[in-house]
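Enquirer: Mind having a look at this structure? Questions to follow.
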Amino acid sequence: MRTDLVRRYGARVTDHASDGRWRTTTCLVALGVTAGLTAPAVFDGSLAGPSFLAYIEQILVPTLAPGDIVILDNLSCHKSPAVRRAIESAGASLWYSRNTVRI
1337 MRTDLVRRYG ARVTDHASDG RWRTTTCLVA LGVTAGLTAP AVFDGSLAGP
1387 SFLAYIEQIL VPTLAPGDIV ILDNLSCHKS PAVRRAIESA GASLWYSRNT
1437 VRI
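Take the sequence shown: its position 14, counting from 1, is numbered 1350 in the numbering used here, and each next residue is one higher.
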C-alpha cells in the first residue's frame, strides 16, 4: 500500500465504502457576479424535479433581482415549465448552457 500520496496514473483504484453502501448527497449553490456564492442547499440523495423546484422557489428566487440571469445545464428537471415561471416571476432570465459546456 502506498502512503506517499503520489498519483499512479493508469492504475486501478480499489477500496471499499465503510459499510458497503453508497449514499448520494447533492449540493446546490448560486454564483453571482457581485454577490458571490448565494442560495446554498444540501439534499440527501440525487436531485429530482420536486426537490429542484422547491430549491428554486424557496431558496434561489428570493435572492434574485430583476435583470439577473440564471444559467442551468440541460438536466431534465431543470427544464420544467414551473422552474422557468418561478425564475421569470422574480424578473430574472433563464438560459440553458449548450450541450458541449460542462458546468
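Beta carbons are placed, not taken as given, at the ideal position from N, Cα and C, and that holds for glycine.
(1) Going by DSSP, what residue range makes up the beta strand (DSSP E) through P1376?
(2) Around the C-beta of V1306, are 16 or more other C-beta atoms found within 10 angstroms, so that it is buried, or is it exposed?
(3) What are the start and end residues of the beta strand (DSSP E) that includes Y1432?
(4) CB-CB under 6 Å to L1430, same chain, minus the five flanking residues each way: which ones, in chain order?
(5) Please work out which residues of its chain come closer than 6 Å, Cβ to Cβ, to P1309, disregarding the five sequence neighbours upstream and downstream, and give them in chain order.
Expert: So, to answer that:
(1) Walking along the sequence shown from the start, residue 1376 turns up at place 40. G1372 to D1380 is the span of the beta strand (DSSP E), which, as asked, contains P1376.
(2) In the structure displayed, the chain extends from 1337 to 1439; residue 1306 sits before or after that span and is not available.
(3) For the purposes of this step, residue 1432 is identified with residue 96 of the sequence shown, where counting begins at 1. Counting along the chain, the beta strand (DSSP E) containing Y1432 begins and ends at S1429 to Y1432.
(4) Taking the first residue of the sequence shown as position 1, residue 1430 is located at position 94. Closer than 6 Å at Cβ, skipping near neighbours: V1406, R1420 and I1423.
(5) Examination of residue 1309 is not possible in this model, given that the chain is present from 1337 through 1439 alone.
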